[in-house]
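Numbered by this note's numbering, the letters in the first sequence go through residues -8 to 575 in order.
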Amino acid sequence: MGRFTEATAPSWVLTAADNIAKALDVARKDILDLAVTPPKPEMGDLAVPMFQYAKARKVAPPVIAKEIAPKAGGAGYAISAEGPYVNLRADRAALLEDVIGRVREAKDRFGHAAPDPEKTAAIDYSSPNIAKPLALHHLRSTMIGNAIARILRANGFTVYGINYVGDWGTQFGYMIAVHEHDAPEKFEKLTLDDFVKTYVSQRKLAETDPSVEEKARNAFLRLEQGDASARRVWEKARSASLAKFKQVYDMLGVEFQDDMYIGESFFSPMLDGVIQEAKQKGVAKEDQGAIIVDLSAHGIDTPALLQKSDGATLYATRDIASAKFRHDKLGGDRREWQCLYVVDQGQSLHFKQVFKVMELLGYPWADRLKHVPFGVMLVWSDEDQGWIKGKTRAGNVVLLEDVLNEATKRVVKIIDARNPELADKEATARAIGVGAVVFNDLKNKRTNDIKFKFEDALSLEGETGPYIHNALVRTKSILRKAARPVPSTYDVKLLSHAREGEIAVLLAGFKEAVARAGLEYDPSLICRFLLDLAGAFHAFHHDCLVLDDANKALSDARLVLVDCVRLVLENGMMLVGLQPIEAM
RNA sequence: GGGCCCGUAGCUCAGCUGGAUAGAGCGUCGGACUACGAAUCCGAAGGUCGCAGGUUCGACUCCUGCCGGGCCCGCCA
-8 MGRFTEATAP SWVLTAADNI AKALDVARKD ILDLAVTPPK PEMGDLAVPM
42 FQYAKARKVA PPVIAKEIAP KAGGAGYAIS AEGPYVNLRA DRAALLEDVI
92 GRVREAKDRF GHAAPDPEKT AAIDYSSPNI AKPLALHHLR STMIGNAIAR
142 ILRANGFTVY GINYVGDWGT QFGYMIAVHE HDAPEKFEKL TLDDFVKTYV
192 SQRKLAETDP SVEEKARNAF LRLEQGDASA RRVWEKARSA SLAKFKQVYD
242 MLGVEFQDDM YIGESFFSPM LDGVIQEAKQ KGVAKEDQGA IIVDLSAHGI
292 DTPALLQKSD GATLYATRDI ASAKFRHDKL GGDRREWQCL YVVDQGQSLH
342 FKQVFKVMEL LGYPWADRLK HVPFGVMLVW SDEDQGWIKG KTRAGNVVLL
392 EDVLNEATKR VVKIIDARNP ELADKEATAR AIGVGAVVFN DLKNKRTNDI
442 KFKFEDALSL EGETGPYIHN ALVRTKSILR KAARPVPSTY DVKLLSHARE
492 GEIAVLLAGF KEAVARAGLE YDPSLICRFL LDLAGAFHAF HHDCLVLDDA
542 NKALSDARLV LVDCVRLVLE NGMMLVGLQP IEAM
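What follows is the structure, given as structure tokens:
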């Protein structure tokens, strides 16, 4: 697999690949697929190995390389044979001119693909439980999902971000039993915290007093039957929870449309229909009093349970109903529709079962349902001297909000020490602190377990969010100090420094990174890009003076480049949910 | 026992889905603020890529087996 596809390759790469293909008498795509990045920058920007062509012609690879290189030259790049490789190096001035032109034209859409009405996606992410707090482990689904939603939009998709909140289940029995007869003035003021406390205390009581459980069950039964008084408590618990969730989402820069909080309760009226349909189609059967779908003929040993022996439905049943809803209402009529579930890898089997059941039910779009799994979050434990799962064990919950506030607090302290005059101190600290936590979560491959350590997640140095923020702030500082608009014309030949070349190569690769991140549903690819670009800019900043009255022409050209870096950094940051800032 | 994920430097991770001498960050050691922000930059030390076979001109990458870790495996979500 090559570095580029025909759709995303910069024009010089296409030209070069064309010429090499012609010289070898093969297809351009073959060359693109073969092309790799050389191990050292001095060797060039792209290399095409000659091994297989050498084998076909029964000559040594270096011989072929030497023969091809002189024949495949062209405008915009240099070509040379080095051992068994044909190395290509983009002409820096041409590359810079090309990429700067594109950035300045596309602006905040640079790197994006054109919107395509056939591309639609429903993405399920975050999806916390009502009446429970947002904990640290919710960060993963929330931010990975948010980033994928933004990345797919940048790839031309219309995206529906769905928050499939857990707003149905026996836990509401406790809420109803306890709060049903609260005085109105107390009832009105109930918050998520109150409901969490109720849940915890009721669970504790239930351990010694069986009647607590009994009352809760009855209360939930009334809720299911549509009892108005029970429903009133349910609604309150739901709205109080959502209000709190939205506060935290706001801190994270995450937003769901109001009509996209489509929780489990929404589907409860449809579940009988699902069971009936599955039975009628001969997909489901009764077994030990329960309704199951036997999947053993399809390589899945565990059957999918649609209904318990006591008649209650299960979450697989709800997922079937919700998949139909998403297809029918959220873009399923489009050719390139997809429905993503950004849910931890522990639920792989569950989704495998649900998707297979959808297929057995005869829905031809069942193959568009995709589980996008991610690794669990492990927290460092000094006690155990190891990584442990930060489970919701009683009293052991790390609140997401607390982590974000702590991060912000630490950044405020640093700003106070280094830049006490900063305007917007609180908002800036929040962007940097939250960004640090978010970036720490997204920078590694999605499927890895992430090991959460405060010192690392809140670190301000190295491969971190603040490293990106710092690069952005440096671009803005220069642009501000220039005290004149970014020049509209400039002499590209003056941008001859090696650092400028590195930046050009990176900028030219942004679109490829966005495309790949979209195909692989992996925000870490954007994070890596941002680290590379920020790094190249930091090095440039160290080596190259931009504001230089003695050399106005060079200063102009560099200002243009700095502005492009600024723009692409901002574009990339938006995709992964880092909030751009002006100063720090 | 079966299924999925993982094993690369002391630690945390990249390695472009088979190509050139395996790369970063943290930590350690040593340098750079009389230039646009040192939350930065430059350099050094540090690796039998878990182990053993196999496929290939070529394997960190693909296949098989083993070792070690995580998650899942019918009435929780």
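No residue lacks a Cβ here, since even glycine has one placed at the ideal position from N, Cα and C.
CA-to-CA distance, residue j to residue i, given in whole angstroms
i           : j           : result
residue 25  : residue 289 : 37 Å
residue 458 : residue 426 : 10 Å
residue 450 : residue 34  : 35 Å
residue 527 : residue 97  : 22 Å
residue 574 : residue 412 : 11 Å
residue 113 : residue 505 : 19 Å
residue 27  : residue 37  : 6 Å
residue 153 : residue 331 : 10 Å
residue 308 : residue 265 : 7 Å
residue 465 : residue 537 : 11 Å
residue 478 : residue 95  : 11 Å
residue 88  : residue 151 : 37 Å
residue 480 : residue 361 : 48 Å
residue 394 : residue 174 : 35 Å
residue 316 : residue 91  : 45 Å
residue 31  : residue 80  : 12 Å
residue 484 : residue -5  : 27 Å
residue 310 : residue 468 : 50 Å
Span of the beta strand (DSSP E), counted from its first residue to its last, around residue i
i           : result
residue 258 : That residue, residue 258, is in no beta strand (DSSP E); its alpha helix (DSSP H) goes 255 to 258.
residue 295 : 295 to 298
residue 114 : 111 to 115
residue 362 : 360 to 362
residue 442 : 441 to 443
residue 149 : 149 to 153
residue 278 : 276 to 278
Run of the alpha helix (DSSP H) containing residue i, from where it starts to where it stops
i           : result
residue 378 : No alpha helix (DSSP H) contains residue 378, which is instead part of the beta strand (DSSP E) from 377 to 380.
residue 547 : 543 to 567
residue 332 : Note, residue 332: premise wrong, no alpha helix (DSSP H); beta strand (DSSP E) at 329 to 332.
residue 393 : 391 to 409
residue 52  : 52 to 59
residue 455 : From DSSP, residue 455 is part of no alpha helix (DSSP H); its letter is neither H nor E.
residue 340 : 339 to 351
residue 232 : 219 to 243
residue 40  : From DSSP, residue 40 is part of no alpha helix (DSSP H) but of the beta strand (DSSP E) over 37 to 40.
residue 420 : 416 to 433
residue 515 : 515 to 534
Buried or exposed (CB count within 10 angstroms, at least 16 for buried), residue i
i           : result
residue 410 : exposed
residue 384 : Confidence at residue 384 is low in this model, with a pLDDT of 40, below 50, so the placement of that residue is unreliable and no value is reported for it.
residue 23  : buried
residue 567 : buried
residue 145 : buried
residue 400 : exposed
residue 510 : exposed
residue 299 : exposed
residue 562 : buried
residue 293 : exposed
residue 103 : buried
residue 359 : buried
residue 533 : exposed
Cut-off 8 Å between Cβ atoms - residues of its own chain near residue i, not counting five sequence neighbours on either side
i           : result
residue 535 : 488, 490, 491, 549
residue 93  : 101
residue 86  : 1, 3, 67, 492, 495, 496, 499
residue 406 : 413, 416, 419, 420, 575
Close Cβ partners of residue i (< 6 Å) along its chain, the five nearest in sequence each way excluded
i           : result
residue 211 : 161, 163, 164
residue 53  : 74, 75
residue 205 : none
residue 110 : 147, 148, 327
residue 8   : 19, 22, 23
Own chain, CB closer than 7 Å to residue i, minus 5 neighbours either side, in chain order
i           : result
residue 223 : none
residue 11  : 22, 39, 59, 63, 77
residue 583 : Because the chain here runs from -8 to 575, residue 583 falls outside it and cannot be looked at.
residue 347 : 286, 289, 291
residue 220 : 171
residue 158 : 121, 229, 254, 255, 256
Do the stretch 442 to 461 and the stretch 357 to 377 meet, that is, are 3 or more Cβ pairs less than 8 Å apart? Contact holds between the stretch 442 to 461 and the stretch 357 to 377, because three or more Cβ pairs, one in each stretch, are under 8 Å apart.
Taking 8 Å as the cut-off, does the stretch 179 to 187 touch the stretch 109 to 126 (at least 3 CB pairs, one atom from each stretch)? A contact exists between the stretch 109 to 126 and the stretch 179 to 187.
Are the stretch 231 to 238 and the stretch 260 to 268 touching by the rule of at least three beta carbon pairs closer than 8 Å? Here the stretch 231 to 238 does not lie against the stretch 260 to 268, with fewer than 3 beta-carbon pairs under 8 Å apart.
Would you call the stretch 429 to 440 and the stretch 125 to 134 touching, i.e. three or more CB-CB distances under 8 Å? Enough Cβ pairs lie closer than 8 Å, so yes.
Under 8 Å, with one C-beta from each stretch per pair, do the stretch 332 to 352 and the stretch 270 to 286 reach the 3-pair mark? Yes, the stretch 332 to 352 touches the stretch 270 to 286.
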